[in-house]
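The block underneath contains the structure these notes are about, expressed in structure tokens.
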Amino acid sequence: MTQVRVRFAPSPTGFLHIGGVRTALFNWLFARQQKGVFVLRIEDTDRTRSTDESIQAIIEGMKWVGLDWDEGPFRQTERVNLYRDHAMRLLEQGQAYWCVCKAEDLEARRKEAEAKGLSPKYDGRCRNRGLTNQAGDAALRFKAPQEGEIVVDDLIKGKILFDNHVQDDLIILRSNGYPTYNFSVVVDDGLMNITHVVRGDDHLTNTPRQVPIFQALGFPVPRFGHLPMILGSDKARLSKRHGATSIMAYKEMGYLPDAMVNYLVRLGWSYGDQEIFSRQELIEKFSWKHVQTSAAVFNPEKLLWINAEYIKSSPPTRVAQALVPLLEGAGLRDEVRSISDDGLTQLVVLVKERAKTLVEMVDWVRPYLGQSVAVEEEVARKFLTPAVAPTLSKLLARFEALPAFSKQQWEEVFKQLVEEEGIKMGQLAQPVRVALTGRTASPGLFEVMEVLGRNRTLFRLRQGIERASRM
RNA sequence: GGUCCCAUCGUCUAGCCUGGCCUAGGACGGAGCCCUCUCAAGGCUUAAACACGGGUUCAAAUCCCGUUGGGACCA
-12 MTQVRVRFAP SPTGFLHIGG VRTALFNWLF ARQQKGVFVL RIEDTDRTRS
38 TDESIQAIIE GMKWVGLDWD EGPFRQTERV NLYRDHAMRL LEQGQAYWCV
88 CKAEDLEARR KEAEAKGLSP KYDGRCRNRG LTNQAGDAAL RFKAPQEGEI
138 VVDDLIKGKI LFDNHVQDDL IILRSNGYPT YNFSVVVDDG LMNITHVVRG
188 DDHLTNTPRQ VPIFQALGFP VPRFGHLPMI LGSDKARLSK RHGATSIMAY
238 KEMGYLPDAM VNYLVRLGWS YGDQEIFSRQ ELIEKFSWKH VQTSAAVFNP
288 EKLLWINAEY IKSSPPTRVA QALVPLLEGA GLRDEVRSIS DDGLTQLVVL
338 VKERAKTLVE MVDWVRPYLG QSVAVEEEVA RKFLTPAVAP TLSKLLARFE
388 ALPAFSKQQW EEVFKQLVEE EGIKMGQLAQ PVRVALTGRT ASPGLFEVME
438 VLGRNRTLFR LRQGIERASR M
């Protein structure tokens, strides 16, 4: 049994796209499950659109989602000579030929053929002319088989038949000496001993063009798997209009990498009714058999739900770590420095059920960072009224009488006061909540006090009373 | 235009290969109720789908053919 070798081969023409991450993810899962090798290859032969920043973005994105590769990153621009050598070999073997047809002529002939109702493929004019490339401006074409058929047994879609009659003699080297996509891919996959080519569905019809090239070059033909596309809510290919498509944008929006991976893998793959998977589980349970054959619509709401699930269930220390850069980004650098790791973790535990993203969490955590807390005018006017001031003062006095904070004890004292005053719980709880957090919504009051500690609780309560008396 | 792919609730999907267990299950989102110091979380309930038409069969979401509709690639 030969070792599984798969690859992810993005073009560095922008940021790392969500669709790309999913393709990488399926390859990675398969490699890890099979104890195989995952290769990262940068397809940058389109020199006009490729940039170094994009390469960095790809690497950064892959690292963030935790998809580690075993070989690479290779860059195709560093391998151009390999492609030329292999092209020349095909020429020597009589499996390629020089073509001097000009683009305009080809276009004209194609239109003509179409008008006559014929297929618009290359008419093979130069196929048997035995031309050389003396002028240095000829393109090299592959002599594609014209008879029989190519059978692709796709890992996902099953057996697909392609008739060779309709196959074109593809250009493999352009007149400028640069290889075309379909050729460089085959040379690389061949030389890198790729056993399973798993890529987007948009490459499906490239497969019957590539298979004969593998054969002509003497490479074993890999297995192929074609993943369905990801669509936007209008069922059009996912693009910026549907919201963020860059993986790093999701980092900035406060998504956890594990949540991202979980969502993306479930978008097109299933394991019965299970929704949440650890990485280890994914590696164990993944199979091509349950990869969906049809395109899937990207659903931000479900992603948000999964993210919330991960925020709730991930180790709080990990969430706290991920939260730090966002807190700093929100201008809370000093506050973050003055809180201990344990303290921050405690805050995460306090609010994790309420925050669906880390960005939301920043806002939830904010009231618990300083000594005092800001209370908006409007909120204060509504809850910190002179009418409640006396009750708040009584509460303060009773809390002050307690030497140390004890959740149970303070809650008892609180409820007793409510009873004595003949009011409802909420009538006292809301003003206290506002005094302690500056908000009308917060975690449970006594959890809040626990996190604030005795001193800050009393301090904020006093401030609240002061404000209520002034109203 | 040619070739190829695809088709179950609004969305992600289970079931399809190996027909009967499907009065089609789960999840997100929606609606309602419960819990409740607020907001969440949680629990319970609920609406919501086999694209259409033929066939095969005692029986079809499941197999076959066609139609329609989406999509990809080629240039």
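The first sequence runs -12 to 458 under this note's numbering. Heads up, the beta-carbon is just placed ideally off N, CA and C, and yes, glycines get one too. Quick caveat, the model's predicted, so the values are computed rather than measured.
Under 9 Å between C-beta atoms of residue i and residue j
{"i": "ASP141", "j": "PHE206", "result": "no"}
{"i": "PRO(-3)", "j": "ASP39", "result": "no"}
{"i": "VAL172", "j": "LEU214", "result": "no"}
{"i": "PHE(-5)", "j": "LEU54", "result": "yes"}
{"i": "ALA367", "j": "VAL421", "result": "yes"}
{"i": "ALA342", "j": "ALA309", "result": "no"}
{"i": "LEU337", "j": "VAL438", "result": "yes"}
{"i": "ALA223", "j": "GLN80", "result": "no"}
{"i": "ASP156", "j": "GLY117", "result": "no"}
{"i": "VAL8", "j": "GLY48", "result": "yes"}
{"i": "PHE273", "j": "GLN450", "result": "no"}
{"i": "GLY494", "j": "THR32", "result": "The shown model of the chain, from -12 to 458, leaves out residue 494, and the question about it has no answer."}
{"i": "GLU136", "j": "LEU148", "result": "yes"}
{"i": "VAL349", "j": "LEU314", "result": "yes"}
{"i": "TRP256", "j": "PHE25", "result": "no"}
{"i": "LYS146", "j": "VAL138", "result": "yes"}
Residue i versus residue j - alpha carbon distance
{"i": "LYS339", "j": "ILE298", "result": "6 Å"}
{"i": "LYS22", "j": "VAL(-9)", "result": "7 Å"}
{"i": "LEU436", "j": "PRO244", "result": "Note on identity: in this sequence residue 436 is Met, with Leu being the wrong assignment. Rounded to whole angstroms, MET436 to PRO244 spans 32 Å at the Cα level."}
{"i": "ARG228", "j": "GLN43", "result": "24 Å"}
{"i": "LYS411", "j": "GLU399", "result": "15 Å"}
{"i": "SER380", "j": "ILE452", "result": "7 Å"}
{"i": "TRP56", "j": "GLU65", "result": "19 Å"}
{"i": "PHE401", "j": "ASN442", "result": "17 Å"}
{"i": "HIS183", "j": "GLU434", "result": "53 Å"}
{"i": "GLU322", "j": "VAL185", "result": "47 Å"}
{"i": "PHE386", "j": "THR427", "result": "22 Å"}
{"i": "PRO430", "j": "GLU271", "result": "38 Å"}
{"i": "ALA388", "j": "LEU423", "result": "19 Å"}
{"i": "PHE201", "j": "PRO195", "result": "10 Å"}
{"i": "GLU239", "j": "LEU290", "result": "15 Å"}
{"i": "GLU91", "j": "ARG97", "result": "10 Å"}
{"i": "VAL405", "j": "VAL352", "result": "28 Å"}
First and last residue of the uninterrupted beta strand (DSSP E) at residue i
{"i": "TRP85", "result": "83 to 86"}
{"i": "LEU160", "result": "158 to 160"}
{"i": "ASP141", "result": "136 to 141"}
Candidates the options, of which the one nearest residue i by Cα
{"i": "ALA468", "options": "SER327, GLN267, LEU314, SER359", "result": "Here the chain covers residues -12 to 458 and nothing more, so residue 468 does not appear."}
{"i": "VAL67", "options": "GLU30, LEU77, TRP51", "result": "GLU30"}
{"i": "GLN82", "options": "ILE158, VAL352, LEU310, THR10", "result": "ILE158"}
{"i": "ILE217", "options": "CYS88, ASP329, THR280, VAL362", "result": "THR280"}
{"i": "THR232", "options": "VAL185, ASN193, ASN286, GLN261", "result": "ASN286"}
{"i": "GLY181", "options": "GLU99, THR(-11), GLN403", "result": "Sequence inspection shows Ile at residue 181; the Gly mentioned does not correspond to that position. The shortest Cα separation from ILE181 among GLU99, THR(-11), GLN403 belongs to THR(-11)."}
{"i": "GLY230", "options": "THR192, ILE5, VAL(-7), LYS369", "result": "ILE5"}
{"i": "GLY177", "options": "LEU191, THR192, PRO199", "result": "PRO199"}
{"i": "SER226", "options": "VAL284, GLU363, MET247", "result": "VAL284"}
{"i": "LEU445", "options": "PRO312, ALA384, ASN115", "result": "ALA384"}
{"i": "ALA391", "options": "ALA455, TRP51, GLY440, VAL405", "result": "GLY440"}
{"i": "LYS89", "options": "CYS113, ALA74, LEU69", "result": "CYS113"}
{"i": "GLY123", "options": "ASN249, SER162, PRO132", "result": "SER162"}
Assigned exposure category for residue i - 16 Cβ within 10 Å defines buried
{"i": "ILE293", "result": "buried"}
{"i": "ASP72", "result": "exposed"}
{"i": "ILE326", "result": "buried"}
{"i": "LEU269", "result": "buried"}
{"i": "GLN374", "result": "For the sequence presented, residue 374 should be read as Ala rather than Gln. It is exposed - the Cβ of ALA374 has fewer than 16 other Cβ atoms within 10 Å."}
{"i": "LEU448", "result": "buried"}
{"i": "SER359", "result": "exposed"}
Unbroken alpha helix (DSSP H) run spanning residue i, endpoints
{"i": "LYS146", "result": "No alpha helix (DSSP H) contains LYS146, which is instead part of the beta strand (DSSP E) from 145 to 150."}
{"i": "ALA246", "result": "244 to 253"}
{"i": "GLY212", "result": "Premise fails: GLY212 lies in the beta strand (DSSP E), 210 to 214, not in any alpha helix (DSSP H)."}
{"i": "LEU12", "result": "5 to 20"}
{"i": "THR370", "result": "Looking at the sequence shown, residue 370 is not Thr but Phe. Residues 364 to 370."}
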